[in-house]
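Heads up, this note's numbering is the position in the sequence shown plus 10, with the first residue counted as 1.
By construction, the Cβ of each residue, glycine as well, lies at the ideal position given by its N, Cα and C atoms.
Treat the numbers as computed from the prediction; the structure is a model and nothing was measured.
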Amino acid sequence: MKDKDMKKSYSLFIPCDEANHVCDKSQYNEASLLEKIKLSIHLMYCKACQKYTKNNTKLTKILKDKNVSYMKDNEVTDLEKQFQEQLKEFSDKN
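Here it is, written out as structure tokens:
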């Protein structure tokens, strides 16, 4: 490993894209302790990533809620078909 690579891997400061990736991993309990520490340090000074983390946490909670209903595949297909038909009718009129 080159000296530059070693410094990069041991740095506690990470860029936003890496912080967002670690945030996603931590939502699924896939982030290591070191990654979580780096994320925590990053979140202390980065307002944008704080917002991303907050929204990501909200989304995860919503998806885990048992009262959330989802469209079935055939319902999605039917909706797409109706949309395309109405779009075609609209295009034909104009």
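Residue from the options with nearest C-alpha to residue i
{"i": "residue 62", "options": "43, 73, 30", "result": "30"}
{"i": "residue 21", "options": "37, 45, 54, 27", "result": "45"}
{"i": "residue 58", "options": "37, 85, 28", "result": "28"}
Integer-rounded CB distance, given that residue j should sit under 8 Å from residue i
{"i": "residue 65", "j": "residue 34", "result": "Wrong, their Cβ atoms sit about 12 Å apart, outside the cutoff."}
Whole-angstrom distance between residue j and residue i, CA atom to CA atom
{"i": "residue 55", "j": "residue 79", "result": "37 Å"}
{"i": "residue 68", "j": "residue 60", "result": "12 Å"}
{"i": "residue 83", "j": "residue 73", "result": "17 Å"}
{"i": "residue 100", "j": "residue 43", "result": "55 Å"}
{"i": "residue 92", "j": "residue 25", "result": "43 Å"}
{"i": "residue 98", "j": "residue 81", "result": "24 Å"}
{"i": "residue 76", "j": "residue 102", "result": "43 Å"}
Distance CB(residue i)-CB(residue j) smaller than 7 Å
{"i": "residue 49", "j": "residue 32", "result": "yes"}
{"i": "residue 87", "j": "residue 37", "result": "no"}
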